[in-house]
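Enquirer: Have a look at this one before I ask anything.
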Amino acid sequence: MKRKRISAFKVAATYIGTVVGAGFATGQEIMQFFARFGIYGAGGLLVATGLFIFFGFIIMDLGNKLHARSHLEIIRFSGGKFLGTVIDTIITFFLFGTFSVMIAGNGALFEQQLRLPAIAGNTVMAVLTALTVLTGINGVINSISFVVPFLLTVVMAVSVFSFAQNPVKPVFPVISQDGLVNHWLAASVLYVSYNTVTSVAILGPLGNEAKDEKTIRNGAILGGLGLGAGAGMIYLALSGYMAVIDKFEVPMLHIAGGISPLLQVVYAIVLIAEIYTTAVSSLYGFTSRVIDMEKKPVKGRYIVAASTVVALLSSRLGFSNLVKFLYPLIGYCGIIILAALVVNMYIAKKKHLN
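Residue 44 is where the sequence shown starts when you use the working numbering, and the numbers rise one by one after that.
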């Protein structure tokens, strides 16, 4: 029986949902990689949008042609056996680490906003993520793509209200230049790099599930534009408050609270949904690399369960300065694999893949 392929809209929604994790919705990523560079950050957003479209298409197109089931096929094709193995190890480790961080983040959100024990938030996110991943790639795609329209709607609503209350000044100050990246152009490239490389685990299989190359191209364009629009709205919201939000871990939640206590609660729910989409893509990417869940479903369930338990225990340790330090490090590693992708895209035109 011929398998039903997914549409360009679902490709775009899944692409967006895979990238826009907790760091995006909190505003922390946009503040560290764009807003802190002032007006130059707007240029960085345009660069990032174009790169998201470009690399999203390349990875999903390769995933379709290589019939990818995990990130391994894409990485090995792009980096060769040696470099591919190194990058594969980095990505696999980071996927598991990200899953642990998402569990920890949900616990912190439960404790700070809902006044519930952190362990309750940890457990809820761990169990919900594991159950979703056990449904397979189609379940992952459906779950992520389903929540994306709601996420972007609320993020943009908060940004519009924030901008209306406190418009961006023509020129606003650049805040502290600490961290691992201190130039707006480098920041935009690194932002796309770490997000794209860690999303390969979903983008590769996603391309394999798409109808055809046209669907992948349209999905990449819609997804890249959606990511750029969402980041741009948060950038505008943050830019009017740069003098007061630098010290907040969750700046967008602070802004939402200043607009309305009810909106702050709604935004907290959005953050939980964002954490969920990142956790699902991370756990699926990790387990699909360890074992082929379609061929070995029973062993796959054990891997999912064991990984979830270990991540739940690891989440109790916490993870500080993730956005400021770890993400740029992954971004630097990611530049290598993205460069290899571009080179091999042209090489592939002369080989049997095309």
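Just so you know, even glycine gets a beta-carbon here, dropped at the ideal spot from N, CA and C.
When DSSP builds the beta bridges, which residues end up paired with A253?
Expert: I49, per the DSSP bridge assignment.
Enquirer: Indicate the three-state DSSP secondary structure (helix, strand or coil) for P160 in the structure shown.
Expert: Looking at P160 - three-state DSSP - the assignment turns out to be coil, as it is neither helix nor strand.
Enquirer: For K53, does the count of other Cβ atoms within 10 angstroms reach 16, so buried, or fall short, so exposed?
Expert: Burial call: buried.
Enquirer: With a CB to CB cut of under 7 Å and the five nearest residues on each side skipped, what residues in its chain are close to L159?
Expert: Correct list, in chain order: F153.
Enquirer: Where Y345 and S186 are concerned, what is the direct C-alpha to C-alpha distance, given to the nearest angstrom?
Expert: Computed Cα separation, rounded: 22 Å.
Enquirer: Any idea what DSSP makes of D104, helix, strand or coil?
Expert: Note: D104 maps to helix in three-state DSSP.
Enquirer: Do A85 and G262 have their C-beta atoms closer together than 8 Å?
Expert: Their beta carbons are not under 8 Å apart, which means A85 does not touch G262 by this criterion.
Enquirer: Please tell me whether E252 and I49 are closer than 8 Å, where the distance is taken between their beta carbons.
Expert: The answer is yes: Cβ separation under 8 Å.
Enquirer: Around the C-beta of P294, are 16 or more other C-beta atoms found within 10 angstroms, so that it is buried, or is it exposed?
Expert: Buried, because 16 or more other Cβ atoms sit within 10 Å of the Cβ of P294.
Enquirer: Please report the residue range of the alpha helix (DSSP H) in which T196 lies.
Expert: Element bounds for T196: 180–208.
Enquirer: With distances taken from CA atoms, which of L138, I245, V197, G127 is nearest L384?
Expert: Among L138, I245, V197, G127, the Cα nearest to that of L384 belongs to G127.
Enquirer: Which value, in whole angstroms, describes the spacing of the CA atoms of I59 and S350?
Expert: Cα to Cα, I59 sits roughly 25 Å from S350.
Enquirer: Which one of T92, Q208, F80, V198 has the shortest CA to CA distance from G271?
Expert: Closest option to G271, Cα to Cα, is T92.
Enquirer: Mind checking if I117 is an interface residue toward chain D, Cβ cutoff 8 Å exclusive?
Expert: As a matter of chain content, chain D is missing from the structure shown, which is built from one protein chain.
Enquirer: Please classify Y375: does DSSP put it in a helix, a strand, or coil?
Expert: Helix.
Enquirer: Taking L306 as part of the alpha helix (DSSP H), name the residues at either end of that continuous run.
Expert: Residues 304–333.
Enquirer: Would you mind stating whether V197 and V313 have Cβ atoms separated by less than 8 Å?
Expert: The answer is yes: Cβ separation under 8 Å.
Enquirer: In whole angstroms, give me the CA-to-CA distance for A111 and S331.
Expert: Using only the alpha carbons, I get a separation of about 10 Å.
Enquirer: Which residue's Cα is closest to the Cα of I133: L115, L268, A161?
Expert: Out of L115, L268, A161, L115 has the C-alpha closest to the C-alpha of I133.
Enquirer: On the DSSP letters alone, give me the boundaries of the alpha helix (DSSP H) that K400 sits inside.
Expert: This structure cannot settle anything about residue 400, because the visible part of the chain is limited to 44 through 397.
Enquirer: Helix, strand or coil: which one does DSSP assign to G81?
Expert: Reduced to three states, the DSSP call for G81 is coil.
Enquirer: When the distance is taken between beta carbons, is A322 closer than 8 Å to Y310?
Expert: No. Outside cutoff.
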